[in-house]
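Per numbering that gives the first Met the number 0, the very first residue in the sequence shown carries number 0; after that it's consecutive.
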Amino acid sequence: MQAKTKVQPNQSLMLTNTDRSLEGIYTCFFTNGDSADIKVKARPDLVIESDGMTPGGMSLNVVEGDRVVIICRVKNEKPENIVSLNWFVGADLDNLEVIGFGNTRDYITVNQTNNAEGFLTSRLTIPSASFNDRAYYMCQANNGIASAEVNILIRIKDKLAALWPFLGIVGEVVILCTIIFIYEKRRSKSDFEEPNQNDEPKSPSTSAKAQEVRQRNK
0 MQAKTKVQPN QSLMLTNTDR SLEGIYTCFF TNGDSADIKV KARPDLVIES DGMTPGGMSL
60 NVVEGDRVVI ICRVKNEKPE NIVSLNWFVG ADLDNLEVIG FGNTRDYITV NQTNNAEGFL
120 TSRLTIPSAS FNDRAYYMCQ ANNGIASAEV NILIRIKDKL AALWPFLGIV GEVVILCTII
180 FIYEKRRSKS DFEEPNQNDE PKSPSTSAKA QEVRQRNK
């Protein structure tokens with residue numbers, strides 16, 4: 000689309016809504032008859048997607064060792080209008096490096112294709128996520144005039160994280176059973192060693208009297 004818009008001398012043209020309907024070439028005419036053109040384009044419209052990420056979410060939880068695929072899609076922009084589409088990675092958004100240019104994450108692959116609607120799509124793949132892959136990942140598109148970016152934070156979870164609560168419960172049960180076993184064993188031993196008051200030894204006088212009675216009866 001090309002639009003020819005005239006602006007009077009000493010006046011300015013302000014575009015309050017830079018949507019795609021206002022894209023085009025704007026011409027400024029000077030009083031001496033000269034003119035100048037300026038090309039106006041809207042920022043690329045980006046969306047980032049991945050399995051397990053809620054729509055519109057900005058973070059993704061990944062289990063250690065899992066394969067991660069992040070898709071960055073340019074909406075409503077023909078592929079030939081996109082000058083560059085790059086991925087960046089970093090511990091924070093203020094310190095990012097381009098992926099695929101000799102950085103420490105050379106194992107990450109980036110493939111660019113056109114989706115079913117004909118729009119440019121970039122797919123970032125981490126074959127096996129590790130704790131070192133916890134970082135911000137940013138997709139940036141540039142159409143030669145304006146640029147836009149979208150980012151996502153990937154968090155890495157321990158693959159045994161779900162097992163730790165179960166192991167804790169098992170450990171508590173084992174400790175409790177051990178305490179009960181030791182207590183019962185000590186109590187049984189104490190009962191065995193305690194003398195029986197009903198089995199008191201008979202006194203010598205009582206034994207002698209019983210013997211005298213038996214002799215008289217004879």
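The C-beta atom is built at its ideal place from N, Cα and C for all residues, glycine as well.
{"Item": "Buried or exposed by the 16-neighbour rule on C-beta atoms within 10 Å, applied to I98", "Value": "buried"}
{"Item": "Three-state class that DSSP yields for T53 in the structure shown", "Value": "coil"}
{"Item": "Rounded Cβ spacing between G64 and S127 (contact assumed at less than 8 Å)", "Value": "6 Å"}
{"Item": "Residue environment, L159, which counts as buried when at least 16 other CB atoms sit within 10 Å", "Value": "exposed"}
{"Item": "Nearest-angstrom Cβ-Cβ length linking I70 and R154, presumed shorter than 8 Å", "Value": "With a Cβ gap of about 18 Å, I70 and R154 do not count as contacting."}
{"Item": "Three CB pairs or more closer than 8 Å across the region 85 to 95 and the region 43 to 59", "Value": "no"}
{"Item": "Cα-Cα separation between P78 and N113, rounded to whole angstroms", "Value": "8 Å"}
{"Item": "Neighbourhood of M52 by C-beta, 6 Å cutoff - its chain only, sequence neighbours within 5 removed", "Value": "L59"}
{"Item": "Residues sharing a beta bridge with C27, DSSP", "Value": "A35"}
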